[in-house]
Amino acid sequence: MKIRLGGLREVFSFTLRETFKDKRYRSSFIGMIVTLTLMPVITNISGLAGANAAVSSFEVNVSSDNLATGQVYVCNKTDVPVTADDLQESELLSALPVKFLEDGEETALLKELSDRELLIIASRDDSSGLPVYEVSGIVSDESEIGTNEQESIRDSFAEIYSTLRYESLNLSQSAIGSITGGISIASPVSEEKYHLGDTGVTSDELMGTAILYAVALMILVSLSTSFIISSLVEEKSSRLVDMLITSVDPLSLVLGKILAMMCYVTAVLICGGGGALLSSSIVKKIMGSNSAVADLSGIFDFSLLMKPANALIMLLTFVLAYMLYAIASGVAGSAISNPEDSQHAMSPIMMLSMGGYILATASFAITDPTACTVLSLIPFLSTYIAPIFFMGGRIGIVVLILFFLVNIATLFLLALICARTYRRLAMNDGARVPLKTVFRMAFPKKEKEAANV
Amino acid sequence: MSLIVRDLSKKYGEKTVVDHISFEMDGPGVYALLGTNGAGKTTTIRMMLDMLEKDSGEVLWNGQPLSFTTCNIGYLAEERGLYPKYPIIDQLRYFAKLRGVSDAETEKRIKYWAERLNVEEYIFPGKAPEAEKPAATESTSEGKAPARAFGGTPAKKKEKPKTPDQLSKGNQQKIQFMIAMISDPELLILDEPFSGLDPVNSDILRSVIHEQIDAGKTIIMSSHQMPAVEEFCTDITILHRSRAVVSGNLNEIKKSYGRINLSLKTEQDITAYAQQVGVTILNEKEFEYDIRVTGQDQALDLLKVLVDNRICVVRFDLREPSLHEIFVKEVGADNED
Chain B
229 MKIRLGGLRE VFSFTLRETF KDKRYRSSFI GMIVTLTLMP VITNISGLAG
279 ANAAVSSFEV NVSSDNLATG QVYVCNKTDV PVTADDLQES ELLSALPVKF
329 LEDGEETALL KELSDRELLI IASRDDSSGL PVYEVSGIVS DESEIGTNEQ
379 ESIRDSFAEI YSTLRYESLN LSQSAIGSIT GGISIASPVS EEKYHLGDTG
429 VTSDELMGTA ILYAVALMIL VSLSTSFIIS SLVEEKSSRL VDMLITSVDP
479 LSLVLGKILA MMCYVTAVLI CGGGGALLSS SIVKKIMGSN SAVADLSGIF
529 DFSLLMKPAN ALIMLLTFVL AYMLYAIASG VAGSAISNPE DSQHAMSPIM
579 MLSMGGYILA TASFAITDPT ACTVLSLIPF LSTYIAPIFF MGGRIGIVVL
629 ILFFLVNIAT LFLLALICAR TYRRLAMNDG ARVPLKTVFR MAFPKKEKEA
679 ANV
Chain P
1263 MSLIVRDLSK KYGEKTVVDH ISFEMDGPGV YALLGTNGAG KTTTIRMMLD
1313 MLEKDSGEVL WNGQPLSFTT CNIGYLAEER GLYPKYPIID QLRYFAKLRG
1363 VSDAETEKRI KYWAERLNVE EYIFPGKAPE AEKPAATEST SEGKAPARAF
1413 GGTPAKKKEK PKTPDQLSKG NQQKIQFMIA MISDPELLIL DEPFSGLDPV
1463 NSDILRSVIH EQIDAGKTII MSSHQMPAVE EFCTDITILH RSRAVVSGNL
1513 NEIKKSYGRI NLSLKTEQDI TAYAQQVGVT ILNEKEFEYD IRVTGQDQAL
1563 DLLKVLVDNR ICVVRFDLRE PSLHEIFVKE VGADNED
């Protein structure tokens, strides 16, 4: 059977133009862009209280501007020497008036500590045999100094105090760095896996890339599946399809609509993504490093995508995956005639996409070479994971090429099914045609060629 | 040009919906496919247009398989449909583009058909129908000319393009007819073209079909409206339960049934003479009779009896059966719509 594409351009441009003219689609377009644009803002607003609480448990960064603290008193009860000059190393402490107290003076001060004064006491406890140093902060009961600010001042002092303590033991800067640097502990792995991971790619990099890619593809597939199916059903239920398929090749009709809806969804993502980037940069500017957006960018590492070869592979896979899921949506959409059946049509596509998404989010943990190769060659699912495996060095270039060939072949197979069945499916205005019947229509056995719709 | 439909068959499972249908057209004219609902008319048309796969048979246009690549086809489907929310003018332009009509020609044809079918106000919003347009010399009650924009057209707020869901069913059908005509087709296939149209719009469509016949177009029409079919068609096929029960030239078909309808008007009652000759009076009103005879001889026998008995015969009209009567005879009165 010949595949003809006459009229594709006309169907594509008409569908795209009318989609953007249609009030419903325009509303969805604007709605989705606004939602994506506001996402960083919403993330920050909703997460602010929680983020503040969580972040203050680790580290509080308080700006030296607009401080509520009017006076800091330091009472050093230990043998570690701390001078006013030492405190100049802290941006926060250098911005505040600091007064040193002699041991015992703090008792009198505690009774008359004002609402904008903070007392820091450094003490040493030898009761357990080994010396234990403690830095504590004290404010009045009615203190106007916020918890974050109190803790920041105390922690800034403790940091300087800690360094001075090591220096008092005559340790070099490198020895101090070595002591305070800590140790990163990794889970035990087999020798084989240890070598597989030896590609210079960290699991953080792989996870960041996998999640970014899977989320973007998932959003694109979900939106386009729903829009493609709606668009096809709308045309079938309008009964205009009778007149259309006497004017244009069925494959052009389906592909034109699919491509138009893909463009629509891509435009949503590009505009929404752009809006999200813009709003996140504004949020970052306003909230500084306190913003949840800034925290997220710290968690995910997208540096793998900065390499041109990786970026190209990702882009190619992304386009292939998008085409594959879109044309599968076209086949599923042409098998139904009523909008009520849309959910049934969407289910298999969404299940495949969901499966791929789940695999992608776990892909950095899949290290078995056989499993990686097999998963990379399963049509549909592999589009979510094969590029990640390749970047992580878990599959080679041969498997990657095979991955592209398998999925391109699947794409052509789906196009062939569309071309062979759409004319017949378009005439079906009854119940949903099961997908296995669609396959039988596309590839009939000789003796059953006259099978009905 | 020639159209050959040869041995078309279609089965859905075990049920045969079209059973070896064949017909031919050697030149321009109108061919009618008649039949009750479910007889197989629309399925035959869909197979002709390659919308449905044929189990057997072929359709040839000038010796080539008929398709929109071998023939400029205009098709008015039985199940009417338009994109309900898209502007009508966009849909007309879309179909014109799909059929390869140039932009300039498209605009010309849209304008022509909009005027011809009296749907300008829906396609060119803001443009009032001819009857509602103010006369060029119209004045207000104060004797002043009404306000006009530059260029002499009435100052008017720009109206939004109309969409099909704002139109009546009849007007939507006219728009669909425009779509069928937009490519100036050589083969026009009209599936139930008159259904849903009021008498005024039916008359408009009738006159358009006459114009197309005069222009030498080939038209295939399926209809339940027998008077309309008789008005246009030279050849017919009557389908009954998937099979062609009657097929051929309409006049020859009628002749084959003989002259069996006698319309008679007299000045006296003739019931007794009718019984004497053995004819059946179907209807009688004030000495006007519709009589069924077995043929010309029986009609002449009746006339002789009447003349012999000095009955004044005002009208004696012996006719072939109407298409309606042939249809009812062939498919059964209980099946008729």
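So the protein lines, in turn, are chains B and P.
The first sequence: position 83 = 311 (our numbering), numbered continuously.
The second sequence: position 242 = 1504 (our numbering), numbered continuously.
All C-beta atoms in this analysis are idealised placements derived from N, C-alpha and C, irrespective of residue type, glycine included.
Go ahead and label residue i buried or exposed: buried means 16 or more other beta carbons lie within 10 angstroms of its beta carbon, across all protein chains shown.
i              : result
residue 1285/P : buried
residue 235/B  : buried
residue 251/B  : exposed
residue 1574/P : exposed
residue 498/B  : exposed
residue 1430/P : exposed
residue 535/B  : exposed
residue 442/B  : buried
residue 454/B  : buried
residue 579/B  : exposed
residue 622/B  : buried
residue 1461/P : exposed
residue 544/B  : exposed
residue 1577/P : exposed
residue 1411/P : Because residue 1411/P carries a pLDDT of 41, less than 50, the predicted location of this residue cannot be relied on, and the following value inherits that uncertainty. Counting Cβ neighbours within 10 Å, residue 1411/P comes out exposed, since fewer than 16 surround it.
residue 375/B  : exposed
Chain P partners of residue i, CB-CB under 9 angstroms?
i             : result
residue 248/B : By Cβ distance, chain P contributes nothing, its closest Cβ being about 11 angstroms from residue 248/B, past 9 angstroms.
residue 242/B : 1348, 1352, 1353, 1355, 1356, 1359, 1360
residue 238/B : 1356, 1359, 1360
Using the C-alpha atoms, what's the distance from residue j back to residue i?
i              : j              : result
residue 319/B  : residue 501/B  : 37 angstroms
residue 1364/P : residue 1445/P : 10 angstroms
residue 682/B  : residue 256/B  : Residue 682/B is absent from the structure shown; chain B starts at 229 and stops at 681.
residue 308/B  : residue 392/B  : 7 angstroms
residue 1341/P : residue 626/B  : 53 angstroms
residue 1470/P : residue 1544/P : 37 angstroms
residue 1271/P : residue 1592/P : 21 angstroms
residue 672/B  : residue 1304/P : 25 angstroms
residue 253/B  : residue 243/B  : 12 angstroms
residue 381/B  : residue 321/B  : 7 angstroms
residue 386/B  : residue 363/B  : 6 angstroms
residue 298/B  : residue 390/B  : 25 angstroms
residue 1555/P : residue 1562/P : 10 angstroms
residue 651/B  : residue 1451/P : 19 angstroms
residue 465/B  : residue 1278/P : 26 angstroms
residue 506/B  : residue 513/B  : 11 angstroms
residue 342/B  : residue 508/B  : 40 angstroms
residue 248/B  : residue 1344/P : 18 angstroms
residue 471/B  : residue 586/B  : 43 angstroms
residue 591/B  : residue 565/B  : 38 angstroms
residue 1426/P : residue 1436/P : 11 angstroms
residue 668/B  : residue 1438/P : 34 angstroms
residue 575/B  : residue 449/B  : 12 angstroms
For a contact meaning CB atoms closer than 7 angstroms, what does residue i contact in chain P?
i             : result
residue 475/B : 1330, 1357, 1360, 1361
Which partner residues of residue i appear in the DSSP bridge assignment?
i              : result
residue 1483/P : 1294/P, 1452/P
residue 1530/P : Beta-bridge pairing links residue 1530/P to no other residue.
residue 366/B  : 347/B
residue 1580/P : 1524/P
residue 1327/P : 1322/P
residue 1509/P : 1499/P
residue 1280/P : 1272/P
residue 617/B  : Partner(s): none; residue 617/B has no beta bridge.
residue 1287/P : 1265/P
Kindly list, in the order they appear in chain B, the residues whose Cβ is closer than 8 angstroms to that of residue i.
i              : result
residue 1385/P : By Cβ distance, chain B contributes nothing, its closest Cβ being about 16 angstroms from residue 1385/P, past 8 angstroms.
residue 1344/P : 466, 468
Whose Cβ in chain B lies nearer than 7 angstroms to the Cβ of residue i?
i              : result
residue 1315/P : 652
residue 1341/P : 467, 470
residue 1335/P : 474
residue 1441/P : 471
List, in chain order, every chain P residue whose beta-carbon is nearer than 8 angstroms to that of residue i.
i             : result
residue 235/B : 1360
Quick check on residue i - is its C-beta less than 8 angstroms from some C-beta in chain C?
i              : result
residue 1284/P : Included in the structure are the protein chains B and P, with no chain C among them.
Pull out every residue of the segment 642-668 of chain B whose Cβ sits closer than 7 angstroms to any Cβ of chain P, in chain order.
651, 652, 655
For the segment 1292-1321 of chain P, which residues have a CB atom closer than 8 angstroms to at least one CB atom of chain B, in sequence order?
1308, 1311, 1312, 1313, 1314, 1315, 1317
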